[in-house]
Amino acid sequence: MTIIEHTEKFLGKISRGWRDQRSSDGLQIVCFENSPYDEVNTFLTIGLSSHELRISDAKSIRHELILPISGLGISEEIVSLMFFMSEYILNSHQALLRGQVVELPLNVAKKIGFEALYCAIPVFLDDDFATFNEMASPVVIVWLIPIYSSESKYIAANGWNRFEDLLEQESPDLFSLRREHIKLNG
């Protein structure tokens, strides 16, 4: 099974895709329209997993990134954001960690209305989706959640565990780029 077959098993057929013309390794962004829910378009990197990324001195993994968005249709800003994040990872060859916050450059933040991305497990799909084990090292699929500056500061002060507890309590629509700020209590 390939990574494309793995993702299509959970999200259905790829609707369309974009190739990074500057990339020599065939990096692409694909979109699954109306998946996993109606009016949610899910964007996914393809090809990032051809690179091993350090998680520690002794361990490497691979990544693909997933970003489901509602209410926008197909957005070139989201495609650009996914290419930006791929470059961010490839520049350091460091794996993203659960709970990690990636601050966005001002020009990118203005386009999407959020200042950072939070790295999470894609809990909106079955557990089997999150890791693809048919390569030399596991491919961990990272859910990129757009967050506001206040939420980023909350994570820095209180830790990602408390932030995820807060997400469960508040149950915000994490697919929406028009969502309200999460009510922070800490």
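Numbering (UniProt numbering), first residue to last: 1 to 186. Backbone N, C-alpha and C define an ideal beta-carbon position, used for all residues, glycine too.
Closest to E103 by C-alpha separation, out of A109, H93, K111, A116, would be which residue? Position 103 of the sequence shown, counting from 1, holds the residue named residue 103. That would be A116, whose Cα lies nearest to the Cα of E103.
Just the Cα atoms here: how many angstroms apart are residue 190 and S176? What is shown of the chain runs 1 to 186, which leaves residue 190 out entirely.
When you compare the stretch 35–42 with the stretch 5–14, are there three or more beta-carbon pairs, one atom per stretch, that lie closer than 8 Å? yes
Once DSSP output is grouped into helix, strand and coil, what is the label at Y118? For the purposes of this step, residue 118 is taken as the residue at position 118 of the sequence shown. DSSP places Y118 in strand when its eight states are reduced to three.
Nearest-angstrom beta carbon gap, I69 and I78 [assumed within contact, 8 Å]: The count along the sequence shown starts at 1 and reaches residue 78 at position 78. The count along the sequence shown starts at 1 and reaches residue 69 at position 69. Confirmed, about 6 Å.
Let's test the definition: count the other Cβ atoms within 10 Å of the Cβ of R178 and tell me whether it reaches 16, buried, or not, exposed. Here residue 178 refers to the residue found at position 178 of the sequence shown. Exposed: under 16 other Cβ atoms inside 10 Å.
Please go through the same chain and pick out, in chain order, the residues whose beta-carbon is closer than 7 Å to the beta-carbon of R54, but skip the five residues on each side of it. Against the sequence shown, residue 54 aligns to sequence position 54. These residues qualify, in order along the chain: S60, H93, Q94, A95.
Run through DSSP, which three-state label would F132 get? Sequence index remark: in the sequence shown, residue 132 carries index 132 (1-based). DSSP places F132 in strand when its eight states are reduced to three.
Pick helix, strand or coil for F43, following the three-state DSSP scheme. To locate residue 43, count along the sequence shown from 1; it is residue 43. Reduced to three states, the DSSP call for F43 is strand.
Would you kindly work out how many angstroms separate the C-alpha atoms of T45 and V30, rounded to a whole number? Along the sequence shown, one-based indexing puts residue 45 at 45. Along the sequence shown, one-based indexing puts residue 30 at 30. When rounded, the distance between both Cα atoms is 6 Å.
Assuming R98 and A130 are in contact, meaning their beta carbons sit under 8 Å apart, how far apart are those beta carbons, in whole angstroms? Within the sequence shown, the letter at position 98 stands for residue 98. Within the sequence shown, the letter at position 130 stands for residue 130. Their Cβ separation, rounded to whole angstroms, is 10 Å, which puts R98 and A130 out of contact at 8 Å.
Which partner residues does E103 have in the DSSP bridge list? What you label residue 103 is simply residue 103 of the sequence shown in a count that begins at 1. E103 is bridged to A116.
Would you mind sorting E5 into buried or exposed? The rule is 16 or more other CB atoms within 10 Å of its CB. Looking up residue 5 in the sequence shown gives position 5. With fewer than 16 Cβ atoms within 10 Å of its Cβ, E5 is classed as exposed.
For E64, count neighbouring C-beta atoms within 10 Å of its own C-beta (all shown protein chains included) and say buried if the count is 16 or more, exposed if not. Here residue 64 refers to the residue found at position 64 of the sequence shown. When all chains shown are included, E64 counts as buried.
Would a C-beta distance cut-off of 7 Å place F84 and D20 closer than the cut-off? The residue labelled residue 84 in the question sits at position 84 within the sequence shown. The residue labelled residue 20 in the question sits at position 20 within the sequence shown. No, the Cβ-Cβ distance between F84 and D20 is not below 7 Å.
Beta carbon of L11: closer than 6 Å to some heavy atom of the ligand NAP? No copy of the ligand NAP occurs in the structure displayed, which carries no ligand at all.
Given this structure, state the Cα-to-Cα distance separating R16 from F32, to the nearest angstrom. Position 16 of the sequence shown, counting from 1, holds the residue named residue 16. Position 32 of the sequence shown, counting from 1, holds the residue named residue 32. Their backbone Cα atoms lie some 7 Å apart in a straight line.
Have a look at the DSSP bridge pairing and note the partners of G17. In the sequence shown, residue 17 corresponds to position 17, counting from 1. Per DSSP, V30.
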